[in-house]
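Novice: Supplied in structure tokens, the structure appears directly below.
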Amino acid sequence: GRSEPTDEDGHYTIAPIEDGMYTASVEELDQYPDILRSGGISIPLKGGAPVSGIDFALTKGVRVAGIVTTPEGQPAPESEVAGLTQFTPNPIRVRIPPDAHGAFALYIPGITEKLRLQAQTGTMESAVQVVAVPDERGVEGMSLTLDRPKTASISGTVVDGSGAAVDGAQLHLVRKNSG
Numbered sequence: 001g002r003s004e005p006t007d008e009d010g011h012y013t014i015a016p017i018e019d020g021m022y023t024a025s026v027e028e029l030d031q032y033p034d035i036l037r038s039g040g041i042s043i044p045l046k047g048g049a050p051v052s053g054i055d056f057a058l059t060k061g062v063r064v065a066g067i068v069t070t071p072e073g074q075p076a077p078e079s080e081v082a083g084l085t086q087f088t089p090n091p092i093r094v095r096i097p098p099d100a101h102g103a104f105a106l107y108i109p110g111i112t113e114k115l116r117l118q119a120q121t122g123t124m125e126s127a128v129q130v131v132a133v134p135d136e137r138g139v140e141g142m143s144l145t146l147d148r149p150k151t152a153s154i155s156g157t158v159v160d161g162s163g164a165a166v167d168g169a170q171l172h173l174v175r176k177n178s179g
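Below you can see the structure in the form of structure tokens.
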């Protein structure tokens, strides 16, 4: 595929392109979380004719912002903040890193009764905070402290059909939910 950035007026042109069937979509943008739900627009190109008017109207998300710190009160820029909307028709999960000062701003599709927020690193995590986002002004001043060590683990043994240990097998683990 190909991609091109928009200019300061939001305009874009992707050229030259061969005839064929294409799907155009806007890549993920932090402030516009509804993009994640868009499947794109199908565009047939025939006879080398240009196609114009393939426009996208984005809805800016509602801002939820705060800071991630260590238990000592120091910024935690190496962490990640996850937000999950609840009790909405289509729950959205948003993950972002904070800046060098531990500050974060994530954007959710709209107001929600419950937004679950948590910060984490490879070894530490914050408590889950559930916050209401009652209007388009969003929520500022959230504070997430990385004060809980991650202690869970999964272990076992890999053997072949005869029961002999298999050396060097690479295990793959996928988290299915956050519950």
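Taking my numbering, the leading residue of the sequence shown gets 1, the next gets one more, and so forth. We treat Cβ as the ideally placed atom computed from N, Cα and C, and that holds for glycine. In this text, all values refer to a predicted model and were calculated from it rather than measured experimentally.
Would you mind reading off the limits of the beta strand (DSSP E) that contains ARG63?
Specialist: Residues 62 to 69.
Novice: Check whether the region 114 to 131 and the region 65 to 81 are in contact - that is, three or more C-beta pairs closer than 8 Å.
Specialist: The region 114 to 131, when compared against the region 65 to 81, does touch it at the 8 Å Cβ threshold.
Novice: Do PRO16 and TYR107 have their CB atoms nearer than 9 Å?
Specialist: Contact flag unset, no.
Novice: Please name the residue in THR112, LEU58, PRO71 and VAL166 whose C-alpha comes closest to that of ALA120.
Specialist: Note on residue identity: the sequence assigns Gln, not Ala, to residue 120. Comparing Cα positions, the closest option is PRO71.
Novice: What does DSSP give as the partner residues of PHE104 in its beta bridges?
Specialist: DSSP lists GLY66 as partners of PHE104.
Novice: Could you work out which residue in LEU29, HIS172, GLU27 and LYS46 is closest to ASP19 when comparing CA atoms only?
Specialist: Closest option to ASP19, Cα to Cα, is LYS46.
Novice: So, helix, strand or coil for PRO44, using DSSP?
Specialist: If DSSP states are grouped into helix, strand and coil, PRO44 belongs with the strands.
Novice: Taking only the alpha-carbon atoms, compute the straight-line gap between GLU4 and PRO44 and give it to the nearest angstrom.
Specialist: Near 19 Å, if we compare the C-alpha coordinates of PRO44 and GLU4.
Novice: Short check: CB of LEU117 to CB of GLY39, under 9 Å?
Specialist: Contact: no.
Novice: Using 10 angstroms around the beta-carbon of MET21, count the other beta-carbons present and answer buried if the total reaches 16, otherwise exposed.
Specialist: Classification of MET21: exposed, given that the 10 Å Cβ count is below 16.
Novice: Secondary structure at PRO77, three-state DSSP: helix, strand or coil?
Specialist: In this structure, PRO77 counts as coil in the three-state DSSP scheme.
Novice: Got a sec? Which residues, its chain only, sit under 6 Å from HIS101 by beta carbon, not counting five neighbours each side?
Specialist: For HIS101, where only same-chain residues beyond five positions count, the Cβ hits under 6 Å are PRO75.
Novice: What does VAL133 pair with, by DSSP beta-bridge criteria?
Specialist: Looking at the DSSP assignment, VAL133 forms a beta bridge with THR112.
Novice: For ILE96, which beta-bridge partners are listed by DSSP?
Specialist: In DSSP, ILE96 forms a bridge with VAL81.
Novice: Taking the straight line between their C-alpha atoms, what separation do you get for ALA165 and GLY156?
Specialist: Their backbone Cα atoms lie some 11 Å apart in a straight line.
Novice: State the DSSP-derived secondary structure class of PRO149, mapped to helix, strand or coil.
Specialist: In the structure shown, PRO149 sits in a strand (DSSP, three-state: E or B).
Novice: Applying the 10 Å Cβ sphere with the 16-neighbour rule, what's the burial state of VAL133?
Specialist: It is buried - the Cβ of VAL133 has at least 16 other Cβ atoms within 10 Å.
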